[in-house]
Every structure is written in structure tokens, then in C-alpha cells.
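Please read the structure below before turning to the comments.
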Amino acid sequence: MSVHDLEQIFQKKIDEEVKIEPKEWMPDAYRKTNIRQISQHAHSEIVGMLPEGNWISRAPSLKRKAILMAKVQDEAGHGLYLYCAAETLGMSREQMIDDLHSGKAKYSSIFNYPTLTWADMGAIGWLVDGAAILNQVMLCRTSYGPYARAMVRICKEESFHQRQGFESLLVLSKGTDEQKAMCQDAINRWWWPSLMMFGPKDSESTNSDQSMKWKIKRKTNDELRQQFVDMCVEQVKLLGMTLPDPHLKWNEERGHYDFGEIDWNEFWNVVKGNGPCNKQRLEARRKAHEEGRWVREAAAAHAEKRKQQPQTPKGALAAA
Ligand code: BYC
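In this text, residue positions in the sequence shown follow the numbering used here: the first is 31, and each later residue adds one.
Structure representation (C-alpha cells):
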């Protein structure tokens, strides 16, 4: 069968909503795009543990500490499901991690901003996880089977993350004047970077067209960003806070809120590694990896030893 025939069969499956599975034929570019997107997504989950991890030891109560710890552990789990999904496409975990540590691989721009106050934990939950969910709910229907299945579980956990963030901000928004001011300040600082999480505008998105045809992406960057703006404008009212954009205005004709221009220079600057915390984040990941080397080596030696030991006959342990 020619490559042309294989491509046609492949596209037919995509059009008919049949999931693509690891051992099936797929165009090289489909494999590459999925490896790129899934590994970037995995790195985002892992680097995303750092800004919140920063506040575990300073959470204001035992309850908030337990919630934050559970959330950060969930992010680690998400990273692991996603690395596994990317591995099914033939890239080793070591290679993906090397690419992150060398600065070759990207991860979400949002995690290069600092977490300055406790209210940032609420703002990350509400805005960052809120943005992530909108994007990820669509990815539950992505065409590559292992990625879609990983996303189903991740989305369940993300929706808990978003609610806990909103609830945490709600408490602050009903607190003292200082707490209210801290809440508003966190919203002001996280709003624009959250809009940038959806990626460049459609006219500048290099991968969107092909990814939409292959149903890797189900909605474009701008469509999801608009959905996010519409949702947050309503939710912020419940907090009695405001969003830091004087251009937010309901547009009757479009049936959506208009919003101000995103600072794309800032976005690309962060993506290229020059955001406020890029260097610090990569340094923290490299250090953690180096400090965990002995654990990986010990686990590998243990597994090797087990392989060399004669297998215990079935039932022997029970008999003993
Ligand atoms: N940051 O052609 P485009 C979480 C890159 S973690 C950095 O539109 P695409 C959480 C893009 O990679 C949530 N880079 O790209 C964790 C591309 O570069 P290359 C993370 C970005 O892939 C802990 C170039 O710009 N979510 O939820 O079609 C705590 C052109 O863009 C960004 C995901 O990763 C960015 N924001 O669309 C709390 C979701 N945006 O590689 C929460 C999965 C774009 O071609 N990913 N770039 O040189 C996606 O859905 C898509 O990859 C994107 C971008 C919508 C992000």
C-alpha cells in the first residue's frame, strides 16, 4: 500500500471519530505533533508544581495546607500520565526530561510568574486551572487514544482544583480590607498571563490548522480564550472583584465579551525563556532531578536483582 493510501485511511478514521492507537500507522508529522504537545503538557504539570509548592509550608491553616498538598500531588500524577502517553509514541522519558532541562522543550508560559502572596493560590486555582480545564475538556476528545484517556481523569481532578481556588478567593473577598486588597491584587497579576495560556492568536498559531484537521485540537486558541473571558466576567461578579481590563464590554452582535489587547511581546519573551522566573524554574527542576539520581539508581539496581533471582513457584508463599 502506498503512503498516499495509508494517509487516506488515516484521515478517514479521524473524520469518523475513530481513535488512533499507538501501534497503528500514522503520518510522521502527526506523531511528532503529538509528542511535542503531550510532552509540553507533561512538563507544564511538573513545572506547575513549583509556584504552588512554594506556599505549602506557609498555608494559613491545616485545612488549606492539606488541600494544597493534595493539589500539588495531583499535578505530579498528571505529569506522569502524560509522560506515559507520550512514551507510547516512541520517545523515551529520559529524552523528554533532558529536553526540558536543556531548555529545548517548552512548557506553559504561566508557570514563569512568581507567587507573591497566599491569594495567588486562589487565583491560580480559579484562573490557571480554569483556563486549563477549558482547554483540557476539549482534549478529552482529541484523536490520539492514550492522550484522550489521560485527559478524562485529569479533567476530573482539575475541576476540583478550580473550585477550591474559587472558594479560597471567595473567603478572602469577604475578609478584612487587607484580605480583599490581596485578593484583587492576585487577580490583577494573574489575569493577563492566564489569557496567554491559550497560546498565540489564531493568525499566528503555527500548528493550529493542521492540528484541527487531525482533531488533535478541537477548538482554536482564540475560541477557547473567548470562552474563558465570557466565563470569568460572570464569575468575578460573585467575588465582588474586578478584572483588570477597561476594554471588557458585552458585544451584542458577537454574543461575547470584547476584551483588550494582550501584550504579545510579553508572551513571546516568556516563551523564549526570559520571563520573571524561567531560570529559577529550570534550575529547581534540574536540582530535583540530580538529587533524585540515587533513588533512580537504587530502584534500577533492585529491579535488576529481582530479575536475576529465581521466580518463587506459585503458591509457595501461601504454603509457607
Ligand atoms: N506557553 O501553534 P501554537 C495545568 C507555543 S498545565 C508556552 O498555537 P499549539 C496546570 C507552542 O508550543 C496546562 N508555549 O501551538 C498545572 C508552539 O511552539 P512550537 C498546560 C506556548 O501547540 C499545574 C508555539 O507557541 N496545558 O493545567 O497548537 C498547576 C505556537 O503556538 C504557549 C497544556 O499544555 C504557552 N502558553 O497550541 C495548575 C494543554 N502557547 O513547539 C495547572 C495542551 C503556545 O511549535 N496543549 N506555545 O515551537 C495545547 O492545547 C496546545 O499546545 C496550546 C498551544 C493550546 C497550549
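Using N, Cα and C, we set each Cβ at its ideal position, and we do this for glycine too. In this text the structure is predicted, and so the values were computed from the model without any measurement.
Task: Length of the line joining the Cα atoms of Glu-46 and Arg-171 - done: Taking the first residue of the sequence shown as 1, we reach residue 46 at position 16. Taking the first residue of the sequence shown as 1, we reach residue 171 at position 141. Between Glu-46 and Arg-171, the C-alpha separation is close to 12 Å.
Task: Where Lys-279 sits in the DSSP three-state scheme - done: Taking the first residue of the sequence shown as 1, we reach residue 279 at position 249. Correct three-state label for Lys-279: strand.
Task: Assigned secondary structure, Tyr-288 (DSSP; H/G/I helix, E/B strand, else coil) - done: For this step, residue 288 is matched to residue 258 along the sequence shown. Looking at the sequence shown, residue 288 is not Tyr but Asp. DSSP places Asp-288 in the strand class (E or B) of the three-state scheme.
TODO: Give a single yes or no on whether Ser-173 has its beta carbon closer than 7 Å to a heavy atom of the ligand BYC.
DONE: Residue 173 sits at position 143 when you count from the first residue of the sequence shown. Remark: the C-beta of Ser-173 is outside contact range of the ligand BYC, defined as less than 7 Å to any heavy atom.
Open item on the list: Is Thr-236 near the ligand BYC - that is, is its Cβ less than 7 Å away from at least one heavy atom of it?
Closed with: Counted from its first residue, the sequence shown places residue 236 at position 206. Thr-236 Cβ: within cutoff of the ligand BYC.
Open item on the list: Can you confirm whether Lys-302, when its beta carbon is compared against all beta carbons of chain D, has any partner nearer than 8 Å?
Closed with: This model lacks chain D altogether; it includes just one protein chain.
- [ ] Report whether the distance from the Cβ of Ala-78 to the nearest heavy atom of the ligand BYC is below 7 Å.
- [x] Translated into the one-based positions of the sequence shown, residue 78 becomes position 48. According to the sequence as given, residue 78 is Gly; it is not Ala. Checking the Cβ of Gly-78 against the ligand BYC gives yes.
- [ ] Kindly indicate which three-state DSSP category Tyr-111 falls into: helix, strand or coil?
- [x] As a working mapping, residue 111 is identified with position 81 in the sequence shown. Tyr-111 falls in the helix class under three-state DSSP.
Open item on the list: Once DSSP output is grouped into helix, strand and coil, what is the label at Tyr-174?
Closed with: Locating residue 174 in the sequence shown gives position 144, where the first residue counts as 1. Correct three-state label for Tyr-174: strand.
Open item on the list: For Gly-83, report the span of its alpha helix (DSSP H) as first-last.
Closed with: Within the sequence shown, residue 83 is the residue found at index 53, counting from 1. Its alpha helix (DSSP H) spans residues 79 to 83.
Task: Three-state class that DSSP yields for Ile-50 in the structure shown - done: Here the question's residue 50 lines up with position 20 in the sequence shown. Ile-50 sits in a strand when the DSSP states are folded into three classes.
Open item on the list: DSSP three-state label for Lys-143, please.
Closed with: Your numbering for residue 143 matches position 113 in the sequence shown. In the sequence under discussion, the amino acid at residue 143 is Tyr, which differs from the Lys named in the question. Three-state DSSP puts Tyr-143 in coil, outside helix and strand.
Task: Reduced DSSP secondary structure (H/G/I, E/B, other) of Trp-222 - done: Numbered from 1 along the sequence shown, position 192 holds the residue referred to as residue 222. Annotated three-state conformation of Trp-222 is helix, per DSSP.
Open item on the list: Considering only their Cβ atoms, is the gap separating Val-301 from Ser-139 smaller than 8 Å?
Closed with: Translated into the one-based positions of the sequence shown, residue 139 becomes position 109. Translated into the one-based positions of the sequence shown, residue 301 becomes position 271. Contact: yes.
TODO: Drop a sphere of 10 angstroms on the beta-carbon of Asp-150, count the other beta-carbons inside from all chains shown, and report buried for 16 or more, exposed for fewer.
DONE: For the purposes of this step, residue 150 is taken as the residue at position 120 of the sequence shown. Counting the other CB atoms within 10 Å of its CB gives Asp-150 a total of 16 or more, which places it among the buried residues.
- [ ] Report whether the distance from the Cβ of Gly-303 to the nearest heavy atom of the ligand BYC is below 7 Å.
- [x] Numbered from 1 along the sequence shown, position 273 holds the residue referred to as residue 303. No, the beta carbon of Gly-303 sits no closer than 7 Å to any heavy atom of the ligand BYC.
Task: Integer-rounded CB distance, given that Leu-254 should sit under 8 Å from Asn-165 - done: Translated into positions along the sequence shown, residue 165 becomes position 135. Translated into positions along the sequence shown, residue 254 becomes position 224. At roughly 6 Å, the Cβ-Cβ gap stays under 8 Å, so Asn-165 and Leu-254 are in contact.
Open item on the list: Quick check on Thr-250: does DSSP put it in helix, strand or coil?
Closed with: Residue numbering aside, residue 250 sits at position 220 when the sequence shown is read from its first letter. Under the three-state reduction of DSSP output, Thr-250 falls in the coil class, being neither helix nor strand.
Task: For Lys-101, the nearest candidate out of Val-48, Val-266, Gln-67, Ile-184 (CA to CA) - done: Locating residue 101 in the sequence shown gives position 71, where the first residue counts as 1. When C-alpha distances from Lys-101 are compared across Val-48, Val-266, Gln-67, Ile-184, the shortest belongs to Ile-184.
Open item on the list: Only counting the same chain, and skipping five residues up and downstream in sequence, which positions put a Cβ closer than 8 Å to that of Pro-52?
Closed with: For the purposes of this step, residue 52 is taken as the residue at position 22 of the sequence shown. These residues qualify, in order along the chain: Thr-118, Leu-119, Gly-175, Pro-176.
Task: heavy atom of the ligand BYC below 7 Å from Val-201 C-beta - done: Here residue 201 is taken as the residue at index 171 of the sequence shown, counted from 1. For the ligand BYC, not one heavy atom lies less than 7 Å from the Cβ of Val-201.
Open item on the list: For a test of your reading of the model: does the CB of Ile-154 fall under 7 Å from any non-hydrogen atom of the ligand BYC? Yes or no.
Closed with: For the purposes of this step, residue 154 is identified with residue 124 of the sequence shown, where counting begins at 1. Ile-154 Cβ: within cutoff of the ligand BYC.
- [ ] Check Leu-119 in the structure and name its three-state DSSP category.
- [x] Taking the first residue of the sequence shown as position 1, residue 119 is located at position 89. Leu-119: coil per DSSP, three-state reduction.
Task: With 16 other Cβ atoms within 10 Å as the buried cut-off, status of Asn-142 - done: Start at 1 with the first residue of the sequence shown, and residue 142 comes out as number 112. Of the residues assessed, Asn-142 falls on the buried side of the cut-off, its CB having 16 or more other CB atoms within 10 angstroms.
- [ ] Specify, as a first and last residue, the run of the alpha helix (DSSP H) that Arg-336 falls within.
- [x] Mapped onto the sequence shown, residue 336 falls at position 306. That run of the alpha helix (DSSP H) goes 323 to 338.
Open item on the list: Please tell me whether, using a cut-off of 7 Å, the distance from the CB of Gly-160 to the nearest non-hydrogen atom of the ligand BYC is below it.
Closed with: As a working note, residue 160 is residue 130 in the sequence shown. No - the ligand BYC has no heavy atom lying nearer than 7 Å to the Cβ of Gly-160.
TODO: Could you have a look at Gln-19 and say whether DSSP puts it in helix, strand or coil?
DONE: What is shown of the chain runs 31 to 350, which leaves residue 19 out entirely.
Task: Ile-39 classed as buried or exposed, judged by whether at least 16 other C-beta atoms fall within 10 angstroms - done: Stepping through the sequence shown from its first residue, residue 39 is reached at position 9. Result: exposed.
- [ ] Return the chain-ordered list of same chain residues with a C-beta closer than 8 Å to the C-beta of Leu-98, the five sequence neighbours on each side being excluded.
- [x] Within the sequence shown, numbered from 1, the residue matching residue 98 stands at position 68. Contacts found: Glu-82, Trp-85, Ile-86, Ala-89, Met-151.
Task: Span of the alpha helix (DSSP H) around Phe-297 - done: Counted from its first residue, the sequence shown places residue 297 at position 267. Membership of Phe-297 in the alpha helix (DSSP H) is indicated by the continuous run 294 to 299.
- [ ] Using only alpha-carbon positions, find the residue among Ala-314, Met-242, Glu-296, Glu-282 that is nearest to Thr-63.
- [x] Taking the sequence shown and counting its residues from 1, one reaches residue 63 at position 33. Nearest in C-alpha terms to Thr-63, of all of Ala-314, Met-242, Glu-296, Glu-282, is Met-242.
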